[in-house]
Structures are given as C-alpha cells and as structure tokens.
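The listed protein sequences correspond, in order, to chains A and B. Using my numbering, you'd call the opening residue of the first sequence number 169 and step up by one each time. Using my numbering, you'd call the opening residue of the second sequence number 64 and step up by one each time. All C-beta atoms in this analysis are idealised placements derived from N, C-alpha and C, irrespective of residue type, glycine included. Below is one structure, written out as structure tokens; comments come after it.
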Amino acid sequence: MSQAMGIIACNGRSDILRAITRARPMAAVPFGARYRVLDFMLSCMVNAGIRKVGIISPYNYRPLLDHLGSGKEWSLDRKSDGLFIMPGGPESLRAGLSHFPLRDLLQNIEFLHRGIKRDVVYSGSDFVANVDLSRLLAFHREADNDVTLVTKPLGQDDSVRKSMLNLELSPEGRLTGWGSLKGQGDEQSVFYLGVLVIKRDLLTEIVTSSPFVENMDMFDFLADNMRHIKFGVYEHTGFYRKITSIESYFRCNMALLEPSVRTELFNETNPIFTKIKDNPPTKYRFQAEVTNSLIASGCVIDGTVSGCVVSRDVHIEENASLKDCVVMQRSHVGKNARLENVILDKYVTINDNVVLKGKPGEPVVISKSAIV
Amino acid sequence: MGQRKECLAMLLAGGQGSRLGSLTRNLAKPAVSFGGKYRIIDFSLSNCAHSGIDTVGVLTQYKPFRINSYVSLGTAWDLDALSGGLSILPPFVSEDGGCWYKGTANAVYQNMDFINDHVPEYVLIISGDHIYRMNYNLMLEYHKAKKADVTISVINVSKQEASRFGIVSTDGDGQIMKFVEKPKEPDSTLASMGVYIFSWDVLREALEEDNADPQSDNDFGKNVIPRLLNQEKKLFAYTFEGYWKDVGTVESYYNANMELLLDHPSLDLFASGPRIYSNEDILPPQYIGPRARISNSLVSNGCVILGTVENSILAQGVVVEEGAHIEHSILLQNSSVGKETWVNRAIVGEGAQIQAFCSVGIQTGGANSQSGKGGLAGITVIEDNYILPEDTLVVEGSSIFAARKT
C-alpha cells in the first residue's frame, strides 16, 4: 500500500487550445486516439500504487466527470480511499505564473487532514508523460526530502519550454532558487515539470498557517522558507511534452507515430488506463490505404490515411485522403475529401469533395460538431 | 433470501467444445476469442445486460480459470448489480457428497438453492456457446402471453442443417407437438437454439423428476423437454428472427468469423443500438507502419502492423512484422507473426508466435486440401502459446499443438 496520495489540479489555464478547449478543460482534451490528457498522470499515480487521488475540478467540469465516472477504469472505485472530486477555484489572475495555487487546497483541507499518508504527489494536467512515480517516491523518502521537484533539462528538443519554471541548482545539485529563465539558457538549464512530492504534514502546515493563503502560490511560501525546507530534484529522463499551444498539441500527437515514444509511453509495466467504450475492432475496407498512423477501435476506413492519429468510431469514406491529421471521436470524412494538416474535433462532418489544408506544423482546427 | 427477481438466467458455460480441437485445449468454449476483440460468452452476457436481466448464474466446469477471471464479477457487462448480479457456479460438495455436473439439466438441478434464493417466477436457461443478439424480454413477454410452462426459442434452418439440431414441430398457435434431438428425417426446420424460459415451479418439478430417473442423461434437450411433452405440459416455440450461430467446429468457427468481413454481415458489429460488451484490456491504439497494407480486415487495439494483412481478423495485441503477409486468417490475442512469414487460411492461437520466414497454410492440392478431408477443411490451426520456429513450413489443414505429458 502506497504511503502517498495524489492531487491533480485540473483547473489550470484553459484557453490555450482555443477552439479545442472552449468545450472542455485541458485535462479532458482528447489525445493520442483514445486517451484524455489527464489519463497519463492519473495512470502514473495508480501504477505507483496510489489509491487516493483528489481531482481539483475546473468550472467546466462536465467532460472531465463524464470521463472519470467513479474511477472504475483506474481501479479507484474503492470503499476506502479512491477518487475524490474537489471544487477548484477559477484560474487566478496570475494564472500564467502560478504553479501551485494554495487556495485550491484551503477549500479542500479536509482531504489533506484525513488519512495517514506520508506524502502528497501534486501534479498539473497539461502535459503528456509516463513518469515512474514509485521511483520518485522511493527517492524522496530515501533522501528524506521535504519537497522533491520533478525536473528535466532543456535539452535539444522542444519538449521543455522556456516559459516553464527554471530551477537554479548549485554545482552539487542542491536547489538554490528558481524563476523564469534568464537569457537564452543552455542544454543544462533545468526546468520544473509541474509534478512534485511534498510531505503531507508540511503541506497541511503551509495551507493552514500561511497568511494570505488565498492568493498565494506554494512556490512563494517555499521561497520564503528556503532555509528550513529540504529540497530535492528528481530528473524525469523519458518522454515529456507540455501542451502549450495548438501547435504543440498537434506535434505531441504526431510524436506518438515514433516507435520509441510509443514504447516509452505505452509499456506493459506502467499501462495508461482510460475509459472503455466497447467499440468493435476497426474495419479496413477494400480501398483502405493506411500507413504510419495510430488508429483507435470502432473506425471504418475506406480511404487513404497517412501520418494521422485517428480516434474511436471515425468513418473515412472511399477516396477520401487524410495526411498529417488528428481526428477525434466520431468524426466523419466524406468521399473524395482531401485533408492535410487538419485537426478535427469530435463529431465533425466533412462533406464529400471538401478540401482543407493547413500549413505543416500549423494545423487548421475544425471545432466540435461542425459540418464542413 | 435475496431480493425477489421476476426472471433470472442460468448460463451454461461448462462445456469443452471438443470439436473445436486445439482452440479449446486450454480453455472452455465460451472463453474462445471471436470477431477480434470478443469472447463467445460476451454475446449471451451482453444479451442479459441489454434485456435487463441482472441476476445471472454462470455454470462452469471444464477448465474454468480463464472464464472465471474473464467474467470476474460481471462488471464489464454491467452485471455487478446491487442485488443479484453475476455468480460463478462451479460444481461443489455438500453433506451428502457431491459430484461433477452430469448434464445440462443436472448442472441446473445442483444449483436449485441458488435459484430458490431469488424466488424467481421464471428462469431463463441459456448457453455461453452461441453467437447471437437477442432481447430475452420479448421472449419472456411471449411466454407470459401464451401462459406457457416452457418456451423454447427456435430459429428456421435449412433442411440439410436440420438434422444437427433439436427440431420442434408446432401447431398453428406455436405450441410444440413434437421435439426430436438430431432427427435423421426432420419433420420441420425449426431448430432449438438452446434458449429456454421455464416457469420456475415447472422447472423445479421437472428437474427433480429428471434427477430421480436413473436412465436419464440429465440433458435438457434429450430428457427434460421430451418428458414435459409426454406429460402434456404447455411448451411453446418462440421464433427468433436474426443472427444465431453455434460455432461447434473449427470450420464453422472460421466461417462465422470470416462472415464479419462481408460488406453487410448478418452479424453487424457496427450496427447502431446496444453494443456487445466485453472485458477488454486497456491497450494503446493500433499502429499501422509506413510500409503496411491492410484491406478488408478487422483490427483491434494494441496491434502493431508492419506487414500486409488481407481478409483477416486480428484480435488485441497482435504483432505483424515487416514483410509478413497474412491472408484469410484469424490471429488471436497477443499472437505474433515474424518477418517475411506467410500465413494463409489459419487460426493462430492466443500468444502463439510464428517466427520469421515461415509459410503456414501451404496448399498441396492433396488429400488435406480445401475439399475438407481431415475435418479442418484446409484450415490450419496453431495452438495457444505455441512457438513455431523460423523457416517452418506448415501444410494447410494441419493442427499444430504442443505434445502433452500423459
């Protein structure tokens, strides 16, 4: 039984994906043909043996709760502990900078008070990664840290953004401070990924004893008490993508076409769980020509599909051609349609002969239920 | 005593299905994979769920582990109900001993206490061996309207097929006059589907009488139904119109799967309306590689296809390597096919690995060819978890399985 509980904040900024997040919070954005963004962190927690998870809900929580239900698919429908849905505040004025608004916990302090867990894993829900939290927790306990931050160096890819919180480390790797990146940074610059572990007692103390907690971010508190708190950093070496824009959402989906990314995200030891829909298998008809694509179940494909990520129950009719597209659930692409660099939200209908082309890396987005 | 139920179901899932050969060497027939992501028992359990029957006893006996863990609490079929729900009922012992289930009727007889607990008015007897979509409620309405003691669901079959089934002859009102198991000269083409609704008091009495008869094989079709007819009980035939298949042999199993690939299959898995539920593993979407070719096939979650797949059905987690060529075949859960391997008209068992450069299903034009000698009609079957080493050639119609310690 894990000595940790989890909290996932799902009330972060929600306007980043424009049309796609108009209908839903970032945590509930469909991703990777059959998942929602939240599935990844939630599965990481469950795979690490965490059986008490609090979801701080956004104001537009319907799609999120619809997806989570009782938590059955994640084995969180339990008599003791399990899944807790907690009210969250609206995104704060300083949403762009906030990393861990304490107000959300003040409202839900009961959740922290109850139980006997030693540590709390706190995470955002705007990234895709399969983080081995059991190793993180073992490291945190072994070092007897008060707080352990999950990090990644800037590296050469675009997975870590310069807009993220930059951590200043001493040559021995001790945390000395943080802030936004000064200058260009280099490949060694280390960033906070939006996941941390904190001792429950300390977190409770912070929330109940800080003045102005309503408008405070936990990092403000940590900065003020730097000397009394034992920090650690834990580097996540695997795949990580923060979704910060339509473009990064698109690229992140396309990254799944790389075998190495799939092996990392979807391994048997730490599977990613999601809601089950009881679809039939996907039917490839006689004229189907599908290459280099990730396809969910329940689709009927009679056209040409290459370099695409296609969700459940999508119909692609004969002679339609899709290249480099992300297609969400239950969309329908008519005969002879030509789509390139396009994102189709759920329930979109593309009529016969329609041609839509985005620029490479700058996809056109067709919003939910649209008929084109 | 449980909450009172109007109708509960007893689902017979203990049969081996020995005519399915290697397919049922390690699991009972209801647990055999079908149509890519399903197992045969999914159909009757989904029918219960969609007919609002929330109390189901699943009678198991032959190699039950797979079926027990698959069916589990019935959650996947919404059968984890507040009262009732799904119960797995294996043979058991009591004060006066105990024994294996001796026949279909005996299996239900031994579990009369389970039925009594729910005080039903009607008991639905079904089998986990059949593939069909049916609303049992309509049949129950019919049973009530006819004030029947027993209602048997029947389906119209062809004259040639009729001698494989229990055949009923009815009067103009649907009342059954005659019931003959596997008649040589069938009087009618109405075949029993092995789906019965009994009024509970009639069933209880019939099972007690059947148990008291030392000559009886304790089988519903062979013994119980004929006895009730002799006693002039009111037995009615409910004519079911729709798809129903008993995939008893490798050939009929293969054909029923392949029919799903037709343009308008009689069993349309994509039809609107209630879906067939299954207890699926949560696997990633299927990945289709840069040089893959797939046509007229059904492919499930978790598959990775790098080669060519034509006219085939792939269950979850199947891997087809580059240069491999699969045609007219059924690849069951987590099986894999290596590079440059050719597979034709084969059923590849769960977890089986066909390594690189093999040819499976080579046509010889000889005795074992598609003409059907050897009982497999040219279909090659590879047993669950069998590893076929590199460069192996397998002639069509072969059945490949591991030798057993005896």
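Does residue i get closer than 7 Å to chain B when you measure Cβ to Cβ?
i                 : result
Ser-499 (chain A) : no
Ala-201 (chain A) : yes
Arg-262 (chain A) : Below a pLDDT of 50, predicted positions are generally treated as unreliable, and Arg-262 (chain A), at 45, falls in that range; the measurement from the model is reported next regardless. No, its Cβ sits nowhere closer than 7 Å to a Cβ of chain B.
Asp-513 (chain A) : no
Asp-446 (chain A) : yes
Phe-407 (chain A) : no
Phe-268 (chain A) : no
Phe-441 (chain A) : yes
What are the boundary residues of the beta strand (DSSP E) that residue i is part of?
i                 : result
Ala-72 (chain B)  : 70-75
Ala-94 (chain B)  : No beta strand (DSSP E) holds Ala-94 (chain B); DSSP gives it neither H nor E.
Asn-407 (chain B) : 405-407
Val-220 (chain B) : No beta strand (DSSP E) contains Val-220 (chain B), which DSSP labels as neither H nor E.
Asp-207 (chain A) : Not the beta strand (DSSP E): Asp-207 (chain A) falls in the alpha helix (DSSP H), residues 205-215.
Asp-309 (chain B) : 307-309
Thr-118 (chain B) : 118-122
Ala-311 (chain A) : Segment: none, Ala-311 (chain A) is in no beta strand (DSSP E) and carries neither H nor E.
Measure the C-alpha to C-alpha separation of residue i and residue j and round it to an integer number of angstroms.
i                 : j                 : result
Ser-302 (chain A) : Ser-338 (chain A) : 26 Å
Val-482 (chain A) : Ser-474 (chain A) : 15 Å
Val-121 (chain B) : Val-310 (chain B) : 20 Å
Lys-525 (chain A) : Arg-498 (chain A) : 21 Å
Ile-284 (chain A) : Met-173 (chain A) : 9 Å
Arg-290 (chain B) : Gly-471 (chain A) : 58 Å
Leu-453 (chain B) : Asp-300 (chain A) : One point to set straight first is that residue 453 (chain B) is Glu, not Leu, in the sequence displayed. Roughly 37 Å between the two C-alpha positions.
Glu-508 (chain A) : Cys-493 (chain A) : 6 Å
Met-64 (chain B)  : Gly-466 (chain A) : Low confidence applies here, because Met-64 (chain B) scores a pLDDT of 45, under 50, leaving its location unreliable; read the following figure in that light. Spanning the two alpha carbons is a distance of roughly 43 Å.
Ile-411 (chain A) : Thr-302 (chain B) : 57 Å
Ser-132 (chain B) : Asn-313 (chain A) : 42 Å
Tyr-360 (chain A) : Gly-98 (chain B)  : 47 Å
Val-438 (chain A) : Arg-196 (chain B) : Before going on, a small fix: residue 438 (chain A) reads as Asn here, not Val. Answer to the nearest angstrom: the Cα atoms are 36 Å apart.
Arg-192 (chain A) : Ser-238 (chain A) : 19 Å
Pro-348 (chain B) : Leu-433 (chain A) : 12 Å
Tyr-620 (chain A) : Leu-343 (chain A) : Given that chain A is displayed from residue 169 to residue 540, the structure contains no residue 620 (chain A) and the question cannot be resolved.
Leu-270 (chain B) : Phe-242 (chain B) : 18 Å
Asn-276 (chain A) : Arg-430 (chain A) : 36 Å
Ser-331 (chain A) : Ala-139 (chain B) : 44 Å
Gly-166 (chain B) : Val-156 (chain B) : 17 Å
Ile-151 (chain B) : Glu-459 (chain B) : 39 Å
Ser-375 (chain B) : Lys-451 (chain A) : 10 Å
Ile-218 (chain A) : Pro-353 (chain B) : 39 Å
I'd like to know whether the C-beta of residue i is nearer than 7 Å to at least one C-beta of chain A.
i                 : result
Gln-349 (chain B) : yes
Pro-353 (chain B) : yes
Ser-358 (chain B) : yes
Phe-97 (chain B)  : no
Arg-338 (chain B) : yes
Leu-83 (chain B)  : no
Ile-450 (chain B) : no
Ile-104 (chain B) : no
Leu-201 (chain B) : no
Lys-210 (chain B) : no
Lys-100 (chain B) : yes
Ile-417 (chain B) : no
Ile-345 (chain B) : yes
Any heavy atom of the ligand PLP inside 6 Å of the beta-carbon of residue i?
i                : result
Glu-69 (chain B) : This structure simply doesn't include the ligand PLP, nor any ligand for that matter.
Would you give the residue range spanned by the alpha helix (DSSP H) that residue i belongs to?
i                 : result
Glu-204 (chain B) : 199-208
Ile-104 (chain B) : 104-113
Trp-263 (chain B) : 263-275
Ser-358 (chain B) : Unbroken run through Ser-358 (chain B) is the beta strand (DSSP E), 356-358; no alpha helix (DSSP H).
Between residue i and residue j, how many whole angstroms is the CB-CB distance? I'm expecting something under 8 Å.
i                 : j                 : result
Lys-296 (chain B) : Val-265 (chain B) : 7 Å
Ser-293 (chain A) : Ala-177 (chain A) : 7 Å
Val-214 (chain A) : Leu-244 (chain A) : 7 Å
Ser-251 (chain B) : Ile-230 (chain B) : 6 Å
Since residue i meets chain D, which of its residues come closer than 7 Å, beta carbon to beta carbon?
i                 : result
Ser-107 (chain B) : The structure shown contains no chain D; its protein chains are A and B.
Discussion item. Short of 7 Å Cβ to Cβ, which residues in the region 460-481 of chain A face chain B?
Written reply: Asn-460, Ser-461, Leu-462, Ile-463, Ala-464, Ser-465 and Val-468
Worksheet item: In the region 449-460 of chain A, which residues sit with their C-beta less than 7 Å from some C-beta in chain B, listed in chain order?
Response: Pro-449, Thr-450, Lys-451, Tyr-452, Arg-453, Phe-454, Ala-456, Val-458, Thr-459 and Asn-460
Worksheet item: Listed in chain order, which residues of the region 424-438 of chain A have Cβ atoms closer than 9 Å to some Cβ of chain B?
Response: Leu-424, Leu-425, Pro-427, Arg-430, Leu-433 and Phe-434
Worksheet item: Given a limit of 7 Å on CB to CB distance, which residues of the region 362-383 of chain B reach chain A?
Response: Val-362, Ser-363 and Asn-364
Worksheet item: Quick one, which residues of the region 304-334 of chain B are near chain A if we go by CB-CB under 7 Å, in chain order?
Response: Leu-332 and Phe-333
Worksheet entry | Members of the region 234-246 of chain A that neighbour chain B once the beta carbon cut-off is set at 9 Å | Lys-240 and Glu-241
Fill in: Interface positions of the region 137-161 of chain B facing chain A (Cβ-Cβ less than 9 Å), listed along the chain
Thr-138 and Ala-139
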